[in-house]
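Asker: Residue numbers (the working numbering): -2 to 369. One structure, pasted below without further comment.
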Amino acid sequence: MRFSTSSAEALEILSAEPFDVIVSDLRMPQMDGAQLLAEVKRLHPQVVRIILSGQVEQETTFKSVQLAHQSLSKPCDVDILKHTLNKLFGLRNLLVDESIKRIVSQIETLPSLPAIYTEVINELHAADPSVKKIGDIIATDLAMTAKILQVVNSAFFGLVRKISDPKEAVMLLGTETIKALVLSVKIFSEFNQKKYTWFNFDELFNHSMSVSMFAQTISKEERLDQYLVNNALMAGMFHDLGKLILVTNFQEAYQKILIVAQHEGQHLWELENDQFGTSHAEIGAYLMGLWGLDYPVIEAIAYHHCPGKSLAASTGLLTAVHFGDAYDRLKMTEDSAGKLKQLDRGYLDNLGVGHRLDDWQMVCQNLAERKV
Ligand SMILES: [Fe+2]
Ligand SMILES: [Fe+2]
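This is how it looks when you write it as structure tokens:
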């Protein structure tokens, strides 16, 4: 361990030798914690970033939370810090796992973050972001605009009148929702090619959309931090992203797995593990990690089938996505008995939310009925 008393010194230490993790204070003279972490992210992206923050300065805390993999409140108990480090390294080890590396090295085209999404993000981060400009950026892509409007006008969003202009959609649904929609619609359209007739892309898109809405509702219900509520859509939208990669890159093997899963009722992710040594959950998380998405989203995707392995100590996006996914399966043949059998009850009980399941089921049901 090395200790430093200023951001400048910390950056110097980091450039001298490799480190695994940085734990930074938030309030510091000259360069503050948020600025320091932004620099660390740029110069040493492989270093895990943790911020320690007090109760003050809400806005700075919010900014730094987006730059940190984890934020801990001060004073921080040493056991909490140790636990957090174990958890983070669990995910990091998972994502540098040999099987994932082997699979990823066989993937012909690892999709990159779509340019139109980056444009939207840049506008959102501009000094004076404009709804009109975001609408204009979206409108340059006709196919994407059509799909976004279709989704926005679906009963899920409960809008009373029909929206026909992307600017209006941004205004009514907010930039966070539009951000998630732009990325998911674009990514799904890039993968959805006529040659994979054996795979139902629309069904997966609708499932992802449902899970994202369920996850957001549960996040609100549990009064999670607004930052997490905002990210719930993203986590839900991409929880099964790895499936798209497997479908398009390992056609023959994956087609067989899907058939076995359907006919023998085995968990898809277990069959994937047997075949590839890893599953769509880790592969999707890996890709989201490459795209630089925030840690809670990556964690939720990586562990959505086995949340108990995450060592997560509090209710968060992972909990919401895990439940949303299991709930959406009720209407699919995989879980027709209506027992939410995909849920990891031990994990939910450990978090102390086992008694919340009926409530969650009810809010999801209300949302789903609005959709019909
Ligand atoms: Fe999944
Ligand atoms: Fe799923």
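We put the CB at the ideal spot given by N, CA and C, even for glycine.
#1: Which value, in whole angstroms, describes the spacing of the CA atoms of residue 73 and residue 33?
#2: Measuring CA to CA, which of 155, 146, 182 and 151 is closest to residue 166?
#3: Does the distance from the CB of residue 12 to the CB of residue 27 come in under 8 Å?
#4: With three or more beta-carbon pairs closer than 8 Å as the criterion, would you say the stretch 187 to 203 touches the stretch 227 to 246?
#5: Cβ of residue 313 within 8 Å of Cβ of residue 225?
#6: Taking only heavy atoms of ligand 1 into account, decide whether any of them is closer than 7 Å to the Cβ of residue 357.
#7: For the stretch 245 to 274, list the alpha helix (DSSP H) runs that are entirely contained and at least 4 residues long, ordered along the chain.
#8: Report, in whole angstroms, the separation of the C-beta atoms of residue 214 and residue 364, which I expect to be a contact under 8 Å.
#9: Output the boundary residues of the alpha helix (DSSP H) element that contains residue 46.
#10: So residue 209 packs on residue 229, CB below 8 Å; how close in whole Å?
#11: Mind listing, in chain order, the residues whose beta carbon lies closer than 5 Å to a non-hydrogen atom of ligand 2?
#12: Return the residue from the list 351, 352 and 283 that minimises the CA-CA distance to residue 98.
#13: Please report the straight-line C-alpha distance between residue 268 and residue 244, rounded to a whole angstrom.
#14: Nearest-angstrom Cα distance between residue 319 and residue 302?
#15: Does the distance between the C-beta of residue 195 and the nearest non-hydrogen atom of ligand 1 fall short of 7 Å?
#16: Helix, strand or coil for residue 146, going by three-state DSSP, please let me know.
#17: What do you reckon, are the CB atoms on residue 236 and residue 184 nearer than 8 Å?
#18: Whole angstroms is fine: what's the gap from residue 153's alpha carbon to residue 1's?
#19: Which ranges would you report for the alpha helix (DSSP H) in the stretch 288 to 347 if only whole runs of at least 4 residues count?
#20: Could you name the residues of the same chain whose beta carbon sits closer than 7 Å to that of residue 77, not counting the 5 residues immediately before and after it, in chain order?
#21: What does DSSP give as the partner residues of residue 69 in its beta bridges?
#22: Nearest to residue 321 by alpha carbon, out of 48, 341 and 20?
#23: Per DSSP, what kind of secondary structure is residue 20 in: helix, strand or coil?
#24: Buried or exposed for residue 254, going by 16 or more other Cβ atoms inside 10 Å?
#25: Less than 8 Å between the beta carbons of residue 37 and residue 24, yes or no?
#26: At a cut-off of 7 Å, is residue 278 close to ligand 1 when judged by its beta-carbon and the heavy atoms of the ligand?
#27: Work out the CA separation of residue 31 and residue 54 for me, nearest whole Å.
Answerer: Result, derived from the coordinates:
#1: If you number the sequence shown from 1, residue 73 lands on position 76. If you number the sequence shown from 1, residue 33 lands on position 36. Residue 73 and residue 33: Cα-Cα distance of roughly 20 Å.
#2: Translated into the one-based positions of the sequence shown, residue 166 becomes position 169. Closest by alpha carbon: 146.
#3: Against the sequence shown, residue 12 aligns to sequence position 15. Against the sequence shown, residue 27 aligns to sequence position 30. Not in contact: residue 12 and residue 27 (Cβ atoms no closer than 8 Å).
#4: yes
#5: Walking along the sequence shown from the start, residue 313 turns up at place 316. Walking along the sequence shown from the start, residue 225 turns up at place 228. Result yes, Cβ atoms of residue 313 and residue 225 sit closer than 8 Å.
#6: Against the sequence shown, residue 357 aligns to sequence position 360. Not so, every heavy atom of ligand 1 lies at least 7 Å from the Cβ.
#7: Note on the stretch 245 to 274: whole alpha helix (DSSP H) runs with a minimum of 4 residues are 248 to 261 and 265 to 273, in chain order.
#8: Numbered from its first residue, the sequence shown carries residue 214 at position 217. Numbered from its first residue, the sequence shown carries residue 364 at position 367. Contact holds; Cβ gap of about 6 Å.
#9: On the sequence shown, residue 46 is found 49 positions in, with the first residue counted as 1. From DSSP, residue 46 is part of no alpha helix (DSSP H) but of the beta strand (DSSP E) over 45 to 50.
#10: Looking up residue 209 in the sequence shown gives position 212. Looking up residue 229 in the sequence shown gives position 232. The pair is a contact, with the Cβ atoms about 7 Å apart (cut-off 8 Å).
#11: 237 and 322
#12: Here residue 98 refers to the residue found at position 101 when the sequence shown is read from its first residue. Per the Cα distances, 283.
#13: As a first step, residue 268 is located in the sequence shown; it is residue number 271 there, counting from the start. As a first step, residue 244 is located in the sequence shown; it is residue number 247 there, counting from the start. Their Cα atoms are separated by approximately 14 Å.
#14: Locating residue 319 in the sequence shown gives position 322, counting from the first residue. Locating residue 302 in the sequence shown gives position 305, counting from the first residue. Distance between the alpha carbons of residue 319 and residue 302: 7 Å.
#15: Along the sequence shown, read from residue 1 onward, the residue named residue 195 stands at position 198. No.
#16: Taking the first residue of the sequence shown as position 1, residue 146 is located at position 149. Reduced to three states, the DSSP call for residue 146 is helix.
#17: The count along the sequence shown starts at 1 and reaches residue 236 at position 239. The count along the sequence shown starts at 1 and reaches residue 184 at position 187. The answer is no: Cβ separation not under 8 Å.
#18: Residue numbering aside, residue 153 sits at position 156 when the sequence shown is read from its first letter. Residue numbering aside, residue 1 sits at position 4 when the sequence shown is read from its first letter. Between residue 153 and residue 1, the C-alpha separation is close to 50 Å.
#19: Every alpha helix (DSSP H) of 4 residues or more that sits fully in the stretch 288 to 347 is shown, in chain order, as 292 to 299, 314 to 325 and 342 to 347.
#20: For the purposes of this step, residue 77 is identified with residue 80 of the sequence shown, where counting begins at 1. Only 69 meet the Cβ criterion.
#21: One-based indexing of the sequence shown puts residue 69 at position 72. DSSP output for residue 69 lists 49 as bridge partner(s).
#22: Locating residue 321 in the sequence shown gives position 324, where the first residue counts as 1. Closest option to residue 321, Cα to Cα, is 341.
#23: Within the sequence shown, residue 20 is the residue found at index 23, counting from 1. Three-state DSSP puts residue 20 in a strand.
#24: Translated into the one-based positions of the sequence shown, residue 254 becomes position 257. By the 10 Å Cβ count, residue 254 comes out buried.
#25: Position 40 of the sequence shown, counted from the start, is the residue given in the question as residue 37. Position 27 of the sequence shown, counted from the start, is the residue given in the question as residue 24. No, these two residues do not count as a Cβ contact at 8 Å.
#26: Within the sequence shown, the letter at position 281 stands for residue 278. Checking every heavy atom of ligand 1 against the Cβ of residue 278, one is found closer than 7 Å.
#27: Taking the first residue of the sequence shown as position 1, residue 54 is located at position 57. Taking the first residue of the sequence shown as position 1, residue 31 is located at position 34. Bear in mind that the predicted position of residue 54 carries a pLDDT of just 49, short of 50, making it unreliable; the figure below should be weighed with that in mind. For residue 54 and residue 31, the distance between alpha carbons rounds to 12 Å.
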